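Residue numbers (our numbering), protein chains in the order written: chain X, 64 to 352; chain R, 12 to 327. Glycine is no exception: its CB is placed at the ideal position from the N, C-alpha and C atoms. None of the values given here were measured: they were computed from a predicted structure. Take a look at the structure set out below.
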């Protein structure tokens, strides 16, 4: 019983991490229809910015969060402005391939600069955890879990309560009409990508405090983000939470009771059937083409 | 202008090239021959991807799944059933194709990005199943992450001819598609699927047929590659980079054209052969930059851009 409880708790916490770095993927897809294959690289850049600030300047990961947020916001803005804005109106295959090109460039530049070594951050609070009657909850993961909520709620408020947010929504719904209403669609695209990159970056920063990081870590993260977003509903931001939780719990249960390797297979089988039977996601609010 | 594919000049040129290719192994050996066989393989794989993605516009991110199935079918038949290579090759094609029908029918109903992700999920799921099934079910069938070692095959000349034959078949099928009623229905699906349906095209049947043809050949290429390298692991033959390579080559050459895969496939194989071994990271960065340049400045690929220039010249 304790094992089951611990497994579910682990799954929920893992789900929070998944949700935290998948929300940006969903936002970018929802507004621009871009499947960002370089998404995992944004996680990697966030993780490495925290890592370097910690190892070089002894800045605590939680204090460096705003720095990686700003850094990734800038990178995201520039990527969209100079690269993806040029392909966003073209057939969607073009934008997929463009993001793949960016994935290759970032991942391999990182390999050249930082080598393929596995790295990790050990802080004074790395090992500490909450013990609830035998169920162990590491603090760092708990914080990420809450951060996922904060990010998603923050994004929600931003999209509904601010002018820029409403412009983003308008662009997502009908970019031609948004353009007629005086929205600078390309600037909105750049801001959207920047926000997506920024929230992904801070998720990456948090991940660096308990997962091993390396320059090639990106692609698996991108693939998980795919799954999370499809499970929750593509382009429906709170769906990232649903998707993350389902995936986290399913993976955790399979890893405990079947085999750790099989959990990835189960993920993809789940994804496959989900797409066929419920392409709009588990709560049915995703975008269907 | 382009209807005259079978003009007298083209036919002469075709037989001339065919003759050169067929007698080339008498003069060329070793590394260069291996390289040519590799180019044939990539042109063929790219042409397979082009059949489904280039003509119908359905972006398949799981093509490597069929390549991997083909590899494993041949590996298992040759090691466990002691079957000869050529019958195993045919079985690989048939089994790949028979996977493609039940996978294709549900996934090809999905549009756009969803089809891409579903096929990616299929390929990754296949890889994980092959990787883990032995350990989970306590059997010795796929060999898990250790893979399977095949019997040592004949020399490069053999693979040169097999790869060429397969490539030739795929190209012939592409040429047939380009000019047949079936091809028009695929192009109609690309242009406007709902309209195609309205005017009486059985779109699901057409898409599934194209997908199955593509899988059939992908399986045979996988089989040949497995016998050629004699050692396969799930991580190699189900590697997502194989799919991505096909995508990039098609895009470089030009999507939905007969010449596209030939140009894109040979161009990228040669570049990667020159750069890959020496500067792997630099090569990957360069590849990324090439992709971005092609996407932004010549979205129709090399073939499409040249064709555009020629037409422009004729008009002025």
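- With respect to residue 254 of chain R, residue 57 of chain R sits apart: the two C-beta atoms are not nearer than 8 Å.
- With the criterion set as a beta carbon lying under 9 Å from some beta carbon of chain X, the members of the segment 226 to 256 of chain R are 251, 255, in sequence order.
- CA-CA distance, residue 295 of chain X to residue 311 of chain X, rounds to 13 Å.
- If you draw a 10 Å sphere on the C-beta of residue 236 of chain X, you find fewer than 16 other C-beta atoms in it, and that means exposed.
- In the three-state DSSP reduction, residue 338 of chain X falls in the helix class (H, G or I).
- Residue range 198 to 201 is occupied by the beta strand (DSSP E) that includes residue 198 of chain X.
- Listed as beta-bridge partners of residue 195 of chain X by DSSP are X/198.
- In the DSSP assignment, residue 46 of chain R falls within the alpha helix (DSSP H) that extends over 41 to 60.
- By the neighbour-count criterion, in which 16 or more other beta carbons inside 10 Å mark a residue as buried, residue 162 of chain R falls on the exposed side.
- For residue 183 of chain R, there are no neighbours in chain X by C-beta distance under 9 Å, as the nearest C-beta there is about 26 Å away.
- Look at residue 135 of chain R: its C-beta is under 8 Å from a C-beta on chain X.
- Here the segment 262 to 270 of chain R lies against the segment 47 to 65 of chain R, with 3 or more beta-carbon pairs under 8 Å apart.
- Scanning the segment 179 to 245 of chain X from its first residue to its last, the whole alpha helix (DSSP H) runs of 4-plus residues come out as 202 to 224, 226 to 236, 238 to 243.
- Separation of the CB atoms of residue 145 of chain X and residue 158 of chain X is rounded to 14 Å, and the pair is thereby denied contact status at 8 Å.
- Between residue 157 of chain X and chain R, the shortest Cβ-Cβ separation is below 8 Å.
- For residue 268 of chain R, the three-state secondary structure derived from DSSP is coil.
- Here the segment 234 to 247 of chain R lies against the segment 136 to 153 of chain R, with 3 or more beta-carbon pairs under 8 Å apart.
- Counting of Cβ neighbours within 10 angstroms places residue 321 of chain R among the exposed residues, the total staying below 16.
- The C-beta separation of residue 129 of chain X from residue 186 of chain X comes to about 17 Å, leaving the pair out of contact by the 8 Å criterion.
- Within the DSSP bridge table, the entry for residue 160 of chain R names R/242 as partners.
- Check the Cα spacing between residue 105 of chain X and each of X/77, X/138, X/75, X/98: the tightest is with X/138.
- In the three-state reduction of the DSSP assignment, residue 276 of chain X falls in the strand class, which pools E and B.
- In this model, residue 161 of chain X and residue 135 of chain X are separated by some 19 Å (Cα to Cα).
- Identification of residues in the segment 277 to 311 of chain R having a C-beta nearer than 7 Å to some C-beta of chain X yields 292, 295, 296, 298, 299, 300, 302, 303, 306, 307, 310, given in sequence order.
- If you draw a straight line from the Cα of residue 231 of chain X to the Cα of residue 88 of chain R, it is about 56 Å long.
- In terms of beta-carbon proximity, residue 341 of chain X stays away from the interface with chain R, with every pair separated by 8 Å or more.
- Counting only runs of 4 or more residues that sit fully inside the segment 53 to 104 of chain R, the alpha helix (DSSP H) segments are 75 to 91, in chain order.
- Non-local C-beta neighbours of residue 217 of chain R in its own chain, meaning closer than 7 Å and more than five positions away in sequence, comprise 193, 196, 197, 200, ordered along the chain.
- Here the alpha carbons of residue 205 of chain R and residue 211 of chain X stand approximately 40 Å from one another.
- Closest in C-alpha terms to residue 115 of chain R, from the list R/230, R/226, R/318, R/53, comes R/226.
- In the three-state reduction of the DSSP assignment, residue 73 of chain X falls in the helix class, which pools H, G and I.
- With a threshold of 16 other beta carbon atoms within 10 Å, residue 143 of chain R meets it and is buried.
- One Cα belongs to residue 347 of chain X, the other to residue 292 of chain X, and the distance between them is close to 12 Å.
- For the pair of segments examined, the segment 70 to 82 of chain X was found to touch the segment 304 to 322 of chain X: the number of CB pairs separated by less than 8 Å reaches three.
- Within the same chain, and ignoring the five residues on either side of residue 179 of chain R in sequence, no residue has its Cβ closer than 6 Å to its Cβ.
- Taking C-alpha positions only, residue 133 of chain R is separated from residue 250 of chain R by approximately 13 Å.
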